[in-house]
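Colleague: Mapping to this note's numbering: the sequence shown position 71 is 77, numbers consecutive.
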Amino acid sequence: MEQKILAYLKEHETEIFEDLKSLVLTEASTSDIEALAKVREKLVMLIKERTGEDSFVYEAENGHCPVRFQYGKGTEKILFIGHYDTVHLIGALKYYTEGNELHGPGVYDMKGGLISAIWTVKAYKDLGIDPGKRLEFIFNGDEETGSAESTDIICELAKDAKAALVCEPCTANGDLKTGRKGLVRFTVRIHGKASHAGNAHKEGINAIEELAHEILAIQKLTDYEAGTTVNVGVCSGGTKPNVVPAEAEIEIDCRVKTAAEGDRIRKAINEIRTTVPGTTREVIERDSKMPMEETEANMALFEKAKICGEKIGLKFSHQFVGGGSDGNEVSALGIPTLDGLGAAGDGAHSANEYILIDQYIPRIAMLASFVLTI
7 MEQKILAYLK
17 EHETEIFEDL
27 KSLVLTEAST
37 SDIEALAKVR
47 EKLVMLIKER
57 TGEDSFVYEA
67 ENGHCPVRFQ
77 YGKGTEKILF
87 IGHYDTVHLI
97 GALKYYTEGN
107 ELHGPGVYDM
117 KGGLISAIWT
127 VKAYKDLGID
137 PGKRLEFIFN
147 GDEETGSAES
157 TDIICELAKD
167 AKAALVCEPC
177 TANGDLKTGR
187 KGLVRFTVRI
197 HGKASHAGNA
207 HKEGINAIEE
217 LAHEILAIQK
227 LTDYEAGTTV
237 NVGVCSGGTK
247 PNVVPAEAEI
257 EIDCRVKTAA
267 EGDRIRKAIN
277 EIRTTVPGTT
287 REVIERDSKM
297 PMEETEANMA
307 LFEKAKICGE
317 KIGLKFSHQF
327 VGGGSDGNEV
337 SALGIPTLDG
347 LGAAGDGAHS
357 ANEYILIDQY
367 IPRIAMLASF
377 VLTI
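1) Please state the DSSP three-state secondary structure of Cys-314.
2) Using the beta-carbon count (16 or more within 10 Å), is Gly-346 buried or exposed?
3) Please name the residue, chosen from Glu-104, Ser-375 and Glu-267, that lies closest to Thr-234 on a Cα-to-Cα basis.
4) Helix, strand or coil: which one does DSSP assign to Arg-279?
5) I need the straight-line Cα distance from Gly-112 to Ala-98, nearest angstrom please.
6) Quick check on Val-93: does DSSP put it in helix, strand or coil?
7) Taking C-beta to C-beta, are Val-250 and His-207 nearer than 8 Å?
8) For Ile-326, report the span of its alpha helix (DSSP H) as first-last.
9) Looking at Pro-72 and Ile-144, is the spacing between their C-beta atoms short of 8 Å?
10) In terms of residue numbering, what span does the beta strand (DSSP E) encompassing Ser-242 cover?
11) Figure out for me which residue from Asn-334, Ser-242, Thr-379 and Glu-21 has the closest Cα to the Cα of Thr-184.
12) Counting Cβ pairs closer than 8 Å, one from the segment 108-124 and one from the segment 20-36, do we hit at least three?
13) Tell me which residues share the same chain as Ala-374 and place their Cβ nearer than 6 Å to its Cβ, disregarding the 5 neighbours each side in the sequence.
14) Does Asp-158 pass the burial test, meaning 16 or more other C-beta atoms within 10 Å, or should it be called exposed?
15) Quick check on DSSP: helix, strand or coil for Ala-232?
16) In three-state DSSP terms, what is Asp-345?
17) Mind checking Arg-279: buried by the 16 CB within 10 Å criterion, or exposed?
18) To which residues of the same chain is Lys-79 closer than 7 Å at the C-beta, ignoring the five residues directly before and after it?
19) If you count every other CB in all the chains shown that lies within 10 Å of the CB of Lys-187, and 16 or more means buried, which is it?
20) Whose CA, out of Glu-162, Thr-103 and Ala-274, lies closest to the CA of Arg-74?
21) Going by beta carbon distance, what residues of the same chain come within less than 8 Å of Phe-308, once the five residues before and after it are set aside?
22) Could you give the distance in angstroms between the alpha-carbon of Gly-119 and the alpha-carbon of Ala-178?
23) Quick check: what's the CA-CA separation for Ile-363 versus Ser-153?
24) Can you check which of these residues, Glu-47, Glu-82, Ile-370 and Phe-192, is closest to Ile-275 by C-alpha distance?
25) Excluding sequence positions up to five away, which residues of its chain have a Cβ less than 7 Å from the Cβ of Met-7?
26) Just how far apart, CA to CA, sit Gly-319 and Val-45?
27) Provide the residue(s) that pair with Ala-169 in DSSP beta bridges, ordered along the chain.
28) Skipping 5 residues on each side, what residues in its chain have a beta carbon closer than 6 Å to that of Thr-151?
29) Within the same chain, show all residues whose beta-carbon is closer than 8 Å to that of Lys-317, passing over the 5 residues directly before and after it, in chain order.
30) Assuming Asp-332 and Glu-149 are in contact, meaning their beta carbons sit under 8 Å apart, how far apart are those beta carbons, in whole angstroms?
31) Between the beta-carbon of Ile-256 and the beta-carbon of Leu-217, is there less than 8 Å?
32) Comparing C-alpha positions only, which one of Lys-312, Pro-283 and Val-289 sits nearest to Lys-273?
33) What span of residues does the beta strand (DSSP E) with Ser-411 cover, start to end?
34) What are the boundary residues of the alpha helix (DSSP H) that includes Gly-110?
35) In whole angstroms, give me the CA-to-CA distance for Thr-92 and Ala-200.
36) Applying the criterion that 16 or more other CB atoms from any shown protein chain within 10 Å of the CB defines a buried residue, is Ile-96 buried or exposed?
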């Protein structure tokens, strides 16, 4: 079956790359709502033209409307996850080829993966392949800023899924992603008392002094062996050199491999006791994303994908990576999840973003073949 699908995709290679070019050149960053609407229109059109299926577009208050479509029938469901927003401003990057590299805004992260998903269905349809289950696709427009308007929708769709497949790009060396770190961000705000630094220094309560103690304690929460990093990345406070500062705050970024580590960090930061008499503190949790842990179910999916890849001539392993995706929350629900099933290449979020041309068609064939084994 793998060779049959691969042969079909090679026959249609020109069309596949034309679809990719069309979608990539319909540019939009997450913040450009009008441009995102045009990308969405292009995506809905491509889905209809290639799969024959109509899309459902969710209403989202801030305009990052997810697009959903499905293919096939059956009691079991597989959820495909992707996003159509990018980090690049319109016109910032050019579309061009250089040797085996195809460059363009979002071509790697992750419009290549969207086209892979669409052409997986196209291959099934034209080859008369029944996937034996219902395939559900959800593509959102706010992944690059944390998926605030789409996480609940994605998780609701995932609840009854047999597996979730994330069409984000693979790693730079071609590996799939069996785990991703979770994220917790905090603001810690210290309240003291202002006074004249010369005439009434003793009457003041220095918020920055307290914050200095807390920064040292918080930085020590990093545990490299556990895969936990805690970074105080922003620090501010005070008004003038001759005023004892009444206010000071820090912003903290924490990355964890397990939910247990996330709970440890939360508890530790919330329970810090003030050192400077008279100061009080607030802890505000700004953002959070559950980790995608390397569960047995996730690893079992990888082993199936690896076998399919080998039959096509692809060799890859798996990695636990630092950045998160929409697969994090789905995996945390207990749904078997595999990430990195999109294009091979490198340069995500950079001016040098590209995919490897000679691996693109085989990667789609691997995806389409892998789905049939789940």
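Note that the Cβ used here is the ideal one computed from N, Cα and C, for glycine as well.
Predicted model only: the values in this text are computed from it and were never measured.
Modeller: This is what the structure gives:
1) Within the sequence shown, the letter at position 308 stands for residue 314. Residue state, collapsed to three classes: helix.
2) The residue given as residue 346 occupies position 340 in the sequence shown. Gly-346 is buried by the Cβ-count criterion.
3) Mapped onto the sequence shown, residue 234 falls at position 228. Comparing Cα positions, the closest option is Glu-267.
4) Against the sequence shown, residue 279 aligns to sequence position 273. DSSP places Arg-279 in coil when its eight states are reduced to three.
5) Start at 1 with the first residue of the sequence shown, and residue 112 comes out as number 106. Start at 1 with the first residue of the sequence shown, and residue 98 comes out as number 92. Roughly 11 Å between the two C-alpha positions.
6) In the sequence shown, the residue the question calls residue 93 occupies position 87. In the structure shown, Val-93 sits in coil (DSSP, three-state: anything other than H, G, I, E or B).
7) Within the sequence shown, residue 250 is the residue found at index 244, counting from 1. Within the sequence shown, residue 207 is the residue found at index 201, counting from 1. Cβ distance < 8 Å, so Val-250 and His-207 count as in contact.
8) Counting from 1 along the sequence shown, the entry for residue 326 is found at position 320. This sequence places Phe at residue 326; Ile is not what is there. Where Phe-326 is concerned, there is no enclosing alpha helix (DSSP H), although the beta strand (DSSP E) it sits in stretches over 324-327.
9) The sequence position of residue 144 within the sequence shown is 138, counting from 1. The sequence position of residue 72 within the sequence shown is 66, counting from 1. Cβ distance < 8 Å, so Ile-144 and Pro-72 count as in contact.
10) Taking the sequence shown and counting its residues from 1, the one referred to as residue 242 is at position 236. Segment 235-243, the beta strand (DSSP E) holding Ser-242.
11) As a working note, residue 184 is residue 178 in the sequence shown. Nearest of Asn-334, Ser-242, Thr-379 and Glu-21 to Thr-184, Cα basis: Asn-334.
12) yes
13) The residue labelled residue 374 in the question sits at position 368 within the sequence shown. Excluding positions up to five away in sequence, the list reads Ile-11, Thr-126 and Ala-129.
14) Position 152 of the sequence shown, counted from the start, is the residue given in the question as residue 158. With fewer than 16 other Cβ atoms within 10 Å, it is exposed.
15) Locating residue 232 in the sequence shown gives position 226, where the first residue counts as 1. Correct three-state label for Ala-232: coil.
16) Position 339 of the sequence shown holds residue 345. The answer is strand: DSSP assigns Asp-345 an E or B state.
17) Residue numbering aside, residue 279 sits at position 273 when the sequence shown is read from its first letter. With fewer than 16 other Cβ atoms within 10 Å, it is exposed.
18) On the sequence shown, position 73 is the one that residue 79 refers to. Cβ neighbours of Lys-79 beyond the five flanking positions: Arg-140.
19) Position 181 of the sequence shown, counted from the first residue, corresponds to residue 187. Burial call: buried.
20) Position 68 of the sequence shown, counting from 1, holds the residue named residue 74. Looking at the Cα atoms, Glu-162 is the closest of the given residues.
21) Locating residue 308 in the sequence shown gives position 302, where the first residue counts as 1. Cβ contact annotation for Phe-308 (same chain, cutoff 8 Å, sequence separation greater than five): Leu-182, Thr-184, His-324 and Leu-344, in chain order.
22) In the sequence shown, counting from the first residue as 1, residue 119 sits at position 113. In the sequence shown, counting from the first residue as 1, residue 178 sits at position 172. When only Cα atoms are considered, Gly-119 and Ala-178 end up about 15 Å apart.
23) Translated into positions along the sequence shown, residue 363 becomes position 357. Translated into positions along the sequence shown, residue 153 becomes position 147. Ile-363 and Ser-153: Cα-Cα distance of roughly 29 Å.
24) Here residue 275 refers to the residue found at position 269 when the sequence shown is read from its first residue. Comparing Cα-Cα distances from Ile-275 to each of Glu-47, Glu-82, Ile-370 and Phe-192, the minimum goes to Phe-192.
25) As a working mapping, residue 7 is identified with position 1 in the sequence shown. The answer, listed in chain order, is Ser-375 and Leu-378.
26) Locating residue 319 in the sequence shown gives position 313, counting from the first residue. Locating residue 45 in the sequence shown gives position 39, counting from the first residue. Distance between the alpha carbons of Gly-319 and Val-45: 33 Å.
27) Here residue 169 is taken as the residue at index 163 of the sequence shown, counted from 1. DSSP lists Ile-84 as partners of Ala-169.
28) On the sequence shown, residue 151 is found 145 positions in, with the first residue counted as 1. So the qualifying residues of the chain are Thr-36.
29) For this step, residue 317 is matched to residue 311 along the sequence shown. Contacts found: Glu-8, Gln-9 and Ser-375.
30) Residue mapping note: residue 332 aligns to position 326 of the sequence shown, counting from 1. Residue mapping note: residue 149 aligns to position 143 of the sequence shown, counting from 1. Contact holds; Cβ gap of about 6 Å.
31) Indexing the sequence shown from 1 puts residue 256 at position 250. Indexing the sequence shown from 1 puts residue 217 at position 211. Between Ile-256 and Leu-217, the CB-CB gap stays under 8 Å.
32) Walking along the sequence shown from the start, residue 273 turns up at place 267. Out of Lys-312, Pro-283 and Val-289, Val-289 has the C-alpha closest to the C-alpha of Lys-273.
33) Given that the chain is displayed from residue 7 to residue 380, the structure contains no residue 411 and the question cannot be resolved.
34) Working through the sequence shown from its first residue, we reach residue 110 at position 104. No alpha helix (DSSP H) holds Gly-110; DSSP gives it neither H nor E.
35) In the sequence shown, the residue the question calls residue 92 occupies position 86. In the sequence shown, the residue the question calls residue 200 occupies position 194. Between the alpha carbons of Thr-92 and Ala-200 lies a distance of about 45 Å.
36) Looking up residue 96 in the sequence shown gives position 90. By the 10 Å Cβ count, Ile-96 comes out exposed.
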